[in-house]
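Structure record follows, encoded as structure tokens.
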Amino acid sequence: KRQAQDAIKEEAERCGQYYINNRWLGGLMTNFQTVQGSIKKMREIEAMKEDGRFEMLTKKERLQKDKEYEGLMKNLGGIKDMKGIPDAMFVIDVGYHKGAITEAKKLGIPVVGVVDTNHDPNGVDYVIPGNDDSSQAIRLYARGMADAVLEGRSQIVHEIIKNEFVEVDEAMTAE
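Numbered by this note's numbering, the letters in the sequence shown go through residues 24 to 198 in order.
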């Protein structure tokens with residue numbers, strides 16, 4: 024949804040997660056190897072801009088590459104660093120993104136989704152009942168998910184630190 028694009032991007036970047044805030048491309052996860060090829064093409068254009076090869080192109084070729092790069096960034100910019108399929112998926116509008124949910128089910132990826140009264144919750148593993156039309160509500164859901172991700176990461180870090188101290192203490196007492 025247009026009103027969700029900025030909120031999704033901001034909150035996903037805040038918590039360091041991948042995102043699609045434009046149209047879901049069919050086969051994005053089930054055909055991930057092909058998507059990786061498009062991401063590689065996007066990175067190649069970025070490298071051309073950085074090392075000066077871009078300036079060697081003719082004006083027409085530069086415009087063509089710029090247009091190609093903008094299209095790739097629009098659709099794949101949020102997942103350009105993603106190495107494989109995700110462990111979970113958060114969907115704001117489950118009615119509009121049925122293809123994403125279908126792909127997630129095929130791959131066994133759990134789906135957390137905001138389900139409005141006008142949509143079917145089938146296929147969504149963790150239903151969040153709510154309004155998927157309001158930009159304020161969408162921002163609230165996105166912020167809540169980002170906060171949950173950050174909280175989960177901090178708990179993992181605390182658990183790792185706690186376990187390292189336990190191992191050090193046990194080693195000291197054994198000596």
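Ideal Cβ placement from N, Cα and C applies to all residues, glycine included.
Since this is a predicted model, take the numbers as computed values, not measurements.
Roughly how many whole angstroms lie between the Cα atoms of residue i and residue j?
| i | j | result |
| --- | --- | --- |
| isoleucine 115 | isoleucine 161 | 7 Å |
| glycine 118 | asparagine 145 | 10 Å |
| glycine 75 | glutamate 67 | 12 Å |
| alanine 127 | alanine 111 | 8 Å |
| methionine 168 | lysine 72 | 35 Å |
Mind checking whether residue i and residue j have CB atoms under 8 Å apart?
| i | j | result |
| --- | --- | --- |
| valine 135 | aspartate 148 | yes |
| asparagine 44 | glutamine 28 | yes |
| methionine 65 | tyrosine 41 | no |
| isoleucine 151 | leucine 130 | no |
| phenylalanine 77 | lysine 88 | yes |
| serine 61 | leucine 99 | yes |
Can you name, in chain order, every residue of its own chain whose Cβ lies under 8 Å from the Cβ of residue i, other than the five neighbours on each side?
| i | result |
| --- | --- |
| glycine 5 | This structure cannot speak to residue 5, because the chain is shown only from 24 to 198. |
CB-CB under 6 Å to residue i, same chain, minus the five flanking residues each way: which ones, in chain order?
| i | result |
| --- | --- |
| tryptophan 47 | His120, Gly122 and Ala123 |
State the beta-bridge partners of residue i as determined by DSSP.
| i | result |
| --- | --- |
| tyrosine 149 | Val135 |
Evaluate contact between the segment 24-42 and the segment 75-95, counting only Cβ atoms and requiring at least three cross-stretch pairs below 8 Å. Contact fails: fewer than three Cβ-Cβ distances are below 8 Å.
Indicate whether the contact test is met: 3 or more Cβ pairs, each with one atom in the segment 51-62 and one in the segment 123-141, closer than 8 Å. Between the segment 51-62 and the segment 123-141, the count of Cβ pairs shorter than 8 Å is three or higher; the stretches touch.
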